[in-house]
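The sequence shown runs 1 to 158 under our numbering. What follows is a set of notes on a single structure, which appears directly below.
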Amino acid sequence: MKKHTFITLISLLLVALSFSACNSNRLYKHFVKVPNYVWEKGQKFNYKVKITEAPQKVDVILAVRVIDAFPVNDIKIKVTRISPSNKKTSDTFTMLIKDSKGKNMGEGMSDLWDIELPIAQNTTFKEKGTFEYELEQITSVDKLLGVVDVGLIIDRVE
Numbered sequence: 001m002k003k004h005t006f007i008t009l010i011s012l013l014l015v016a017l018s019f020s021a022c023n024s025n026r027l028y029k030h031f032v033k034v035p036n037y038v039w040e041k042g043q044k045f046n047y048k049v050k051i052t053e054a055p056q057k058v059d060v061i062l063a064v065r066v067i068d069a070f071p072v073n074d075i076k077i078k079v080t081r082i083s084p085s086n087k088k089t090s091d092t093f094t095m096l097i098k099d100s101k102g103k104n105m106g107e108g109m110s111d112l113w114d115i116e117l118p119i120a121q122n123t124t125f126k127e128k129g130t131f132e133y134e135l136e137q138i139t140s141v142d143k144l145l146g147v148v149d150v151g152l153i154i155d156r157v158e
């Protein structure tokens, strides 16, 4: 195995391990692989979060993994939440990928960057059941090249 390939493999493994690190307050964490690393405008990813205790205070976090050479500075994401009682709410968020100087945000290893954006802090799930989240790319770019994974994280607040 070539040295460069070995280093890249080890780097990817370490990034994967960091995404799976233990958090005792973690209620939910799920990532969806983006086909061909292209998140198309209007393409939606769905997440089903089972809540067994209510009321429950949580932090809700969007997460993406992008390549180092990601072509834009931010991603606009529409988040739709459907409660177990079928109440639907939608909000739009802008996730910064690069700062004003073009430096990647988040944590990077090798040529991958993990970026998280808290979208609801200290919010309350008021009912038990399955909450559905739908994440949709609504950036002005039709095809965002270099998006590896799109995820949703929910942590219990104590």
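Each residue gets a CB set at the ideal place from its N, CA and C atoms; glycine is no exception.
Neighbourhood of residue i by C-beta, 7 Å cutoff - its chain only, sequence neighbours within 5 removed
| i | result |
| --- | --- |
| serine 85 | Glu127 |
| glutamate 158 | Asn25 |
| aspartate 74 | Thr94, Met95, Leu96 and Ile97 |
8 Å contact criterion, which residue i and residue j should meet: CB distance rounded
| i | j | result |
| --- | --- | --- |
| threonine 124 | lysine 57 | 5 Å |
| glutamine 137 | isoleucine 67 | 16 Å between Cβ atoms; not a contact. |
| valine 148 | valine 72 | Actually they are not in contact, since the Cβ atoms of valine 148 and valine 72 sit about 15 Å apart, beyond 8 Å. |
| lysine 143 | valine 38 | 5 Å |
Residue i versus the options, residue with shortest Cα-Cα distance
| i | options | result |
| --- | --- | --- |
| threonine 162 | Met95, Leu96 and Arg81 | Residue 162 lies beyond the range of the chain shown here (1 to 158); nothing can be said about it. |
| isoleucine 61 | Asp149, Lys29 and Ser83 | Lys29 |
| glutamine 121 | Ile154, Ile115, Ala63 and Met109 | Ile154 |
| lysine 50 | Ser140, Leu117 and Ser83 | Ser83 |
| alanine 63 | Thr139, Lys101 and Glu107 | Glu107 |
Where residue i falls, given that 16 or more other Cβ within 10 Å makes a residue buried
| i | result |
| --- | --- |
| arginine 65 | buried |
| alanine 69 | exposed |
| alanine 54 | exposed |
| isoleucine 10 | The predicted model places isoleucine 10 with a pLDDT of 48, which falls under 50 and marks its position as unreliable; any figure quoted below should be read in that light. Flag for isoleucine 10 reads exposed. |
| aspartate 99 | exposed |
| valine 150 | buried |
| aspartate 114 | buried |
| valine 32 | exposed |
8 Å CB neighbourhood of residue i in its chain, flanking five on each side removed
| i | result |
| --- | --- |
| histidine 4 | The pLDDT assigned to histidine 4 is 49, lower than 50, so where the model puts this residue is not dependable, and the model offers no usable value. |
Own chain, CB closer than 6 Å to residue i, minus 5 neighbours either side, in chain order
| i | result |
| --- | --- |
| lysine 48 | Thr130 and Glu132 |
| glycine 146 | Tyr37, Val66, Ile67 and Phe70 |
Near the ligand SAH: residue i beta-carbon under 6 Å from a heavy atom
| i | result |
| --- | --- |
| aspartate 149 | Among the components of this structure there are no ligands whatsoever, and the ligand SAH is therefore not found. |
_I'd like the ranges of any beta strand (DSSP E) spanning at least 3 consecutive residues and lying wholly in the region 45-81._
56-67
*Go through the region 84-108 residue by residue and report every complete run of the beta strand (DSSP E) that reaches 3 residues or more, in order.*
88-96
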